[in-house]
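Heads up: the structure comes next, in structure tokens.
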Amino acid sequence: MRVVILGAGAMGSLMGALLSQYNEVIIVGREAQARAISMSGLRVEGATSMVAMPKSATTCKGLGEVGLLIVAVKSYDTEAAVKGAKPAIGPGTTVLTLQNGPMCAERIASVVGKDKVVAGWTSHGATYIEPGVVRHAGKGDTAIGEPDGRKSPRADRLAALLTKAGMEARVSDDIGYELWAKCVVNAAINPLTALLRCKNGRLAESPDARLVVHAICGEGSKALGALGYCVTLNELEDRAWRVVSQTSENSSSMLQDVQRGRRTEIDDITGALCEAARRHGVAVPVSEAVWRLVRASQIP
0 MRVVILGAGA
10 MGSLMGALLS
20 QYNEVIIVGR
30 EAQARAISMS
40 GLRVEGATSM
50 VAMPKSATTC
60 KGLGEVGLLI
70 VAVKSYDTEA
80 AVKGAKPAIG
90 PGTTVLTLQN
100 GPMCAERIAS
110 VVGKDKVVAG
120 WTSHGATYIE
130 PGVVRHAGKG
140 DTAIGEPDGR
150 KSPRADRLAA
160 LLTKAGMEAR
170 VSDDIGYELW
180 AKCVVNAAIN
190 PLTALLRCKN
200 GRLAESPDAR
210 LVVHAICGEG
220 SKALGALGYC
230 VTLNELEDRA
240 WRVVSQTSEN
250 SSSMLQDVQR
260 GRRTEIDDIT
270 GALCEAARRH
280 GVAVPVSEAV
290 WRLVRASQIP
């Protein structure tokens, strides 16, 4: 299949490298990364060791229609990036998002239409090392599904494509719930690693951090209950610690953003959770405090 990866950060580069084993892949990203890939290929270290040779570009102009467009840009760049990718989107193109945040599929649909979008999430860990080099910092789980919950041959095909590449994907019949559950897990891990300047595994070693993770998962359970999803504190907390264990040596994407002085996705993770809770009259004071602290840390 001809695949465009929109976004050449840590996760976009990792997916591009893995998928390029069996597909024609073009990674669209910033000039430095695109140039490095074009000149020397894309080296993956860590849980996967390989040198991949995907194509690279800085724009979708001139690429022509592709079978699959995977959106891997930061959540706040979604609409602008997808609009810029329109030259690669045709009648037969599927647009897949594995981004952080539960609202990305809706944002993409507002640009290309609901019928083209498949949503999903992954807990694989990836760290950007330098142009042309990424670290696969931990293997995790991946799920995709049609946003309306229906079964479809294309979702099955995409899951098979990702699995063949090494991402072990399954098809969910309620990806909306899964995206919100993943949002809670992200809210319990990513902001804390950003504030504490630590890798994921350090959270499990700190009794104080464990208490905060417990509190956020409890608030998340109540918020998701108000949204109509039945999930317990224990389920969310077990899932969070499983991700921490699987990706213990990973620096979360939010920590990487903070270390590089870049804008984080806090508003689309913890902020989305807090705003959903507020709309339904659910108090989430710990999550609110964490949200504000990360936002405050981004002041220039």
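At position 5 of the sequence shown (counting the first as 1) the number is 4 in numbering that gives the first Met the number 0, and the numbers step up by one without a gap. Built from N, CA and C at the ideal position, the CB exists for glycine as well.
Query                                                                                                                                                                                       : Result
Starting from the C-beta of M10, find all residues in its chain whose C-beta is less than 6 Å away, skip the five residues before and the five after it, and write them out in chain order. : A71, A125
Taking the alpha-carbon positions, what's the S19 to H135 distance?                                                                                                                         : 15 Å
Are the stretch 164–184 and the stretch 136–150 in contact at 8 Å, needing three or more beta carbon pairs?                                                                                 : yes
How long is the line joining the alpha carbons of A208 and V81, rounded to whole angstroms?                                                                                                 : 37 Å
Please classify A191 as buried or exposed, where buried requires at least 16 neighbouring CB atoms within 10 angstroms.                                                                     : Here the sequence assigns Leu to residue 191, which means Ala is not the residue at that position. L191 should be labelled buried.
Do L157 and T93 have their beta-carbon atoms positioned less than 8 Å apart in this structure?                                                                                              : yes
What's the call for C229, buried or exposed, on a 16-neighbour Cβ count within 10 Å?                                                                                                        : exposed
Which residue's Cα is closest to the Cα of I215: L232, D172, P206?                                                                                                                          : L232
Taking Cβ positions, are D114 and G148 nearer each other than 8 Å?                                                                                                                          : no
Grab the span of the beta strand (DSSP E) containing S171 for me, first residue to last.                                                                                                    : Per DSSP, S171 belongs to no beta strand (DSSP E) and is neither H nor E.
Tell me whether L210 is buried or exposed, calling it buried when 16 or more other Cβ atoms sit within 10 Å of its Cβ.                                                                      : exposed
Tell me the DSSP bridge mates of W179?                                                                                                                                                      : DSSP output for W179 lists no bridge partner at all.
Rounded to whole angstroms, what's the CA-CA distance from R259 to G8? Just pull it up for me.                                                                                              : 12 Å
Just confirm the distance between the C-beta atoms of M14 and I88, as a whole number of angstroms; I'd bet it's less than 8 Å.                                                              : Not quite, the Cβ-Cβ distance comes to about 18 Å (not below 8 Å), so this is no contact.
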